[in-house]
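Here the structure is laid out as structure tokens; the discussion comes afterwards.
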Amino acid sequence: MASDRPVRVRFAPSPTGMLHIGGARTALFNWAFARSCGGKFLLRIEDTDTARNSQESLQSILDSMRWLGLDWDEGPDADGDFGPYFQSQRVESYQAAIKRGLEEGWLYRCFATPEQLEAQREAARQAKTNWRFDSQSRGLSAEEAAAKHAAGKANVLRFRVQADEDIIIRDHIRGDVSFSSNEVEDWVAVRGNGMPTYNFVCALDDSAMEISHVIRGEEHLVNTPKQVLVYRALGLPEPEYAHVPLILGKDGKKLSKRTGDTALGDYISAGYPADALFNFLCLLGFSIDDKTDVFTREQLLEAFSLKRISKAGAIFDTDKLAWICGDYIRRMSVQELTAAVLPYCIEAGLVGEHASAGEELQQVVAAFQERFTLYSDFAPQAAGMFGELPDWDKKARKALAADGAARAVATLAGALEDCTWPPEDFMSVVKGVAGELEVGLGKVMKPVRAALTGTLGGPELDVVIRMLGRERSLKRLREFPAPTASE
RNA sequence: GGCCCCAUCGUCUAGUCUGGCCUAGGACACCAGGUUUUCAUCCUGGCAACAGGGGUUCAAAUCCCCUUGGGGUCACCA
Numbered sequence: 077m078a079s080d081r082p083v084r085v086r087f088a089p090s091p092t093g094m095l096h097i098g099g100a101r102t103a104l105f106n107w108a109f110a111r112s113c114g115g116k117f118l119l120r121i122e123d124t125d126t127a128r129n130s131q132e133s134l135q136s137i138l139d140s141m142r143w144l145g146l147d148w149d150e151g152p153d154a155d156g157d158f159g160p161y162f163q164s165q166r167v168e169s170y171q172a173a174i175k176r177g178l179e180e181g182w183l184y185r186c187f188a189t190p191e192q193l194e195a196q197r198e199a200a201r202q203a204k205t206n207w208r209f210d211s212q213s214r215g216l217s218a219e220e221a222a223a224k225h226a227a228g229k230a231n232v233l234r235f236r237v238q239a240d241e242d243i244i245i246r247d248h249i250r251g252d253v254s255f256s257s258n259e260v261e262d263w264v265a266v267r268g269n270g271m272p273t274y275n276f277v278c279a280l281d282d283s284a285m286e287i288s289h290v291i292r293g294e295e296h297l298v299n300t301p302k303q304v305l306v307y308r309a310l311g312l313p314e315p316e317y318a319h320v321p322l323i324l325g326k327d328g329k330k331l332s333k334r335t336g337d338t339a340l341g342d343y344i345s346a347g348y349p350a351d352a353l354f355n356f357l358c359l360l361g362f363s364i365d366d367k368t369d370v371f372t373r374e375q376l377l378e379a380f381s382l383k384r385i386s387k388a389g390a391i392f393d394t395d396k397l398a399w400i401c402g403d404y405i406r407r408m409s410v411q412e413l414t415a416a417v418l419p420y421c422i423e424a425g426l427v428g429e430h431a432s433a434g435e436e437l438q439q440v441v442a443a444f445q446e447r448f449t450l451y452s453d454f455a456p457q458a459a460g461m462f463g464e465l466p467d468w469d470k471k472a473r474k475a476l477a478a479d480g481a482a483r484a485v486a487t488l489a490g491a492l493e494d495c496t497w498p499p500e501d502f503m504s505v506v507k508g509v510a511g512e513l514e515v516g517l518g519k520v521m522k523p524v525r526a527a528l529t530g531t532l533g534g535p536e537l538d539v540v541i542r543m544l545g546r547e548r549s550l551k552r553l554r555e556f557p558a559p560t561a562s563e
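Structure below.
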């Protein structure tokens, strides 16, 4: 299985939708493998399904890949010696193989219509019996078939699968997997419209691009035999395989929209830190060792090996993802984090259109750094530190309505007014007020926090008043909602 | 249903190939304490797994077989 070919791997998405989480991880493993052993990582666009392709999908896939930091050596926007990298532009290159297949007989024209096939399938379903395609056209002589074809009869090209052949796939993750060719039907290699299908071009392209390792999702394991048959028919060297386990949803089934966001784009726009998501994706079916779960790309590349990819599917655990995000945010420098959070602050109108990640904003970010997990979390949480206090939440209102709360807040406001600004030791001021009123510290702190921030959590209060400044602090301590009858 | 893949705490996993160091390790989540003016962070502790049954062996989470369970796939989609 070990070959001395240079390592060349590829990720081959089809532009029929956004990049899926599972696809992203497959791309990531391909990337990591190439980068960890000095190979090439290529991106090939499988756009043979002309009906479902879209430019937007392609763009969003490219954007998602770049966002994750998965750069490719050859592919769209990165020309190499094995282009073009769009299958739709490679159709020419498949003609020789098609011609040869027809001549050698491992491709044959099948004249069954889609309607006939569907009827057969339906009948099999009704009878609850296993159905495998059995072409009437298989026995046609080349001349007969050519004649029908020339007469304008619609047809597809099917691959003639020989009976009783063993097809063994040597897989780096699963070991040897064997299939009997009796289980493989005569599949369609070229559609009626002349466009070849996935299994056919996949093998042709991988071969033409000198792909050494095919690393892809486990759902592809079952059609690998078809591709292997193409290599065998053409006498081409087979690549090595690695079928990575699936990412599953909370329900244990293949991740689907039902159980959460499945498109990487959703995570990008939701404000997830790219490095955190990257790290988390690695953890799904891969591990460096028995205790490292937060690591840098360098560490990953140093440790990466197909052998360390596990076989069983992995459930996408949003709790752990959230934890990793928070961990990354806590480790970031304040400057970096501020820059990351700035667009969301602008969007929320907290700062001006052209605000910068300057010192003032950095101060606030630093105060909240250990309290949020997504870039987008900061703005709503820290909104009260900008401009006016938007509102007081339920708990804050309750705290302000408590017995003695109003008095405590007013007393503190008075005490604050008398001291220099910023107060040298805020806590001793609070303690002084508590002593004066002969109440516990909490009786003062809680309502004061409520009045100042509109909520009961948040950064330390002396930091809060510093950020707020004298005027705003005193204003908030003087203007807060009075207890309402209902409370 | 056929074929294929898989099976360690609730979840992600280490250990499995190359049996003994496993009284099964780490992390998330959860619970309990501690630090803290609050929240969060942080620290300490706790809960919690080798799917079941047969073999092989002095010895099995590790090797073999069966059962069970889960997943994937069965298109002129990729």
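Each step along the first sequence adds one to the number in our numbering, with nothing skipped, and position 435 is 511.
Built from N, CA and C at the ideal position, the CB exists for glycine as well.
Note that the structure is a prediction, hence the values are computed from the model and not measured.
Boundaries of the beta strand (DSSP E) in which residue i is found, first to last residue
{"i": "residue 130", "result": "That residue, residue 130, is in no beta strand (DSSP E); it is neither H nor E in DSSP."}
{"i": "residue 254", "result": "251-256"}
{"i": "residue 316", "result": "316-320"}
{"i": "residue 410", "result": "Not the beta strand (DSSP E): residue 410 falls in the alpha helix (DSSP H), residues 410-423."}
Alpha-carbon to alpha-carbon, residue j and residue i
{"i": "residue 373", "j": "residue 331", "result": "25 Å"}
{"i": "residue 480", "j": "residue 529", "result": "19 Å"}
{"i": "residue 460", "j": "residue 403", "result": "24 Å"}
{"i": "residue 251", "j": "residue 215", "result": "37 Å"}
{"i": "residue 312", "j": "residue 284", "result": "10 Å"}
{"i": "residue 268", "j": "residue 262", "result": "15 Å"}
{"i": "residue 297", "j": "residue 219", "result": "36 Å"}
{"i": "residue 318", "j": "residue 245", "result": "10 Å"}
{"i": "residue 348", "j": "residue 450", "result": "5 Å"}
{"i": "residue 553", "j": "residue 398", "result": "35 Å"}
{"i": "residue 359", "j": "residue 266", "result": "39 Å"}
{"i": "residue 521", "j": "residue 487", "result": "12 Å"}
{"i": "residue 154", "j": "residue 147", "result": "10 Å"}
{"i": "residue 272", "j": "residue 233", "result": "9 Å"}
{"i": "residue 406", "j": "residue 452", "result": "15 Å"}
{"i": "residue 502", "j": "residue 536", "result": "10 Å"}
{"i": "residue 334", "j": "residue 241", "result": "40 Å"}
{"i": "residue 78", "j": "residue 289", "result": "In this predicted model, residue 78 has a pLDDT of only 49, less than 50, meaning its place in the structure is not dependable enough to derive any value."}
{"i": "residue 111", "j": "residue 80", "result": "17 Å"}
{"i": "residue 109", "j": "residue 239", "result": "36 Å"}
{"i": "residue 562", "j": "residue 470", "result": "Note that residue 562 scores a pLDDT of 45, beneath 50, so its modelled location is shaky; the value from the coordinates is reported in the next line. Near 12 Å, if we compare the C-alpha coordinates of residue 470 and residue 562."}
{"i": "residue 462", "j": "residue 544", "result": "8 Å"}
{"i": "residue 190", "j": "residue 230", "result": "10 Å"}
{"i": "residue 440", "j": "residue 143", "result": "27 Å"}
{"i": "residue 122", "j": "residue 457", "result": "43 Å"}
{"i": "residue 270", "j": "residue 225", "result": "13 Å"}
{"i": "residue 257", "j": "residue 303", "result": "12 Å"}
{"i": "residue 320", "j": "residue 264", "result": "26 Å"}
{"i": "residue 150", "j": "residue 168", "result": "20 Å"}
Secondary structure of residue i, DSSP reduced to three states
{"i": "residue 121", "result": "strand"}
{"i": "residue 88", "result": "coil"}
{"i": "residue 113", "result": "coil"}
{"i": "residue 495", "result": "coil"}
{"i": "residue 232", "result": "strand"}
{"i": "residue 77", "result": "Here the model assigns residue 77 a pLDDT of 44, short of 50, so the residue's position is not dependable, and the following value carries that caveat. Three-state result, residue 77: coil."}
{"i": "residue 403", "result": "helix"}
{"i": "residue 456", "result": "helix"}
{"i": "residue 201", "result": "helix"}
{"i": "residue 154", "result": "strand"}
{"i": "residue 282", "result": "helix"}
{"i": "residue 162", "result": "strand"}
{"i": "residue 287", "result": "coil"}
Boundaries of the alpha helix (DSSP H) in which residue i is found, first to last residue
{"i": "residue 170", "result": "167-180"}
{"i": "residue 343", "result": "340-345"}
{"i": "residue 508", "result": "502-513"}
{"i": "residue 364", "result": "From DSSP, residue 364 is part of no alpha helix (DSSP H); its letter is neither H nor E."}
{"i": "residue 547", "result": "537-554"}
Any non-hydrogen atom of the ligand PLP within 8 Å of residue i CB
{"i": "residue 408", "result": "The model on display carries no ligand, and the ligand PLP is accordingly not part of it."}
Expected contact under 8 Å - CB spacing of residue i and residue j to nearest Å
{"i": "residue 101", "j": "residue 357", "result": "5 Å"}
{"i": "residue 513", "j": "residue 549", "result": "Contact doesn't hold; Cβ gap of about 20 Å is too wide."}
{"i": "residue 570", "j": "residue 418", "result": "Here the chain has residues from 77 to 563 only, and residue 570 is not among them."}
{"i": "residue 400", "j": "residue 370", "result": "7 Å"}
{"i": "residue 95", "j": "residue 141", "result": "7 Å"}
* Asked: With contact counted as at least three CB pairs below 8 Å, one residue from each stretch, are the region 196-203 and the region 149-165 in contact?
  -> Counting Cβ pairs under 8 Å, fewer than three are found: no touch.
* **Contact between the region 345-365 and the region 276-291 (3+ Cβ pairs under 8 Å)** => The region 345-365 is not in contact with the region 276-291.
* To do: May I ask you to verify whether the region 111-121 touches the region 80-90, counting CB pairs closer than 8 Å and requiring at least 3?
  => Short answer: they touch.
* Asked: Three or more beta-carbon pairs under 8 Å between the region 506-516 and the region 464-473, yes or no?
  -> The answer is no - the region 464-473 does not touch the region 506-516, with fewer than three Cβ pairs under 8 Å.
* Asked: Three or more C-beta pairs closer than 8 Å, one from the region 294-310 and one from the region 368-383: is that the case here?
  -> No: the two stretches stay apart, fewer than three of their Cβ pairs being nearer than 8 Å.
* Asked: On the three-pair Cβ rule with 8 Å, is the region 206-223 touching the region 184-196?
  -> A contact exists between the region 206-223 and the region 184-196.
* the region 419-430 touching the region 382-399, judged by at least three CB pairs closer than 8 Å -> Touching, no.
* Are the region 133-147 and the region 331-341 touching, with three or more C-beta to C-beta distances below 8 Å? -> At 8 Å Cβ cutoff, the stretches touch.
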